[in-house]
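Trainee: Sending over a structure as structure tokens; questions will come in a sec.
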């Protein structure tokens, strides 16, 4: 792991580094018939390190 990797891992809700199997499971699902209604989407497989989409909304 590169320097600063611990901080990146700490920023994820899973608390661990992702593995190729984590991505493979997502790819397997998206390639299956179970995902036939999912089209034109970008899915982040990032251990929940990205902020929620609505977190940038201004307070009302």
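Residue numbers (our numbering): 776 to 835. For glycine and all other residues, C-beta sits at the position ideal for the given N, C-alpha and C. Predicted model only: the values in this text are computed from it and were never measured.
1) Roughly how many angstroms lie between the CA atoms of residue 786 and residue 807, to the nearest whole one?
2) Please state whether the Cβ-Cβ distance between residue 822 and residue 789 is less than 8 angstroms.
3) For residue 818, does the three-state DSSP call read helix, strand or coil?
4) In chain order, what residues of the same chain lie with their CB nearer than 8 angstroms to the CB of residue 798, ignoring the 5 residues before and after it?
Mentor: According to the structure shown:
1) Taking the chain shown and counting its residues from 1, one reaches residue 786 at position 11. Taking the chain shown and counting its residues from 1, one reaches residue 807 at position 32. Distance between the alpha carbons of residue 786 and residue 807 is about 31 angstroms.
2) As a working mapping, residue 822 is identified with position 47 in the chain shown. As a working mapping, residue 789 is identified with position 14 in the chain shown. Yes, the Cβ-Cβ distance between residue 822 and residue 789 is below 8 angstroms.
3) Start at 1 with the first residue of the chain shown, and residue 818 comes out as number 43. Looking at residue 818 - three-state DSSP - the assignment turns out to be coil, as it is neither helix nor strand.
4) Along the chain shown, one-based indexing puts residue 798 at 23. So the qualifying residues of the chain are 820.
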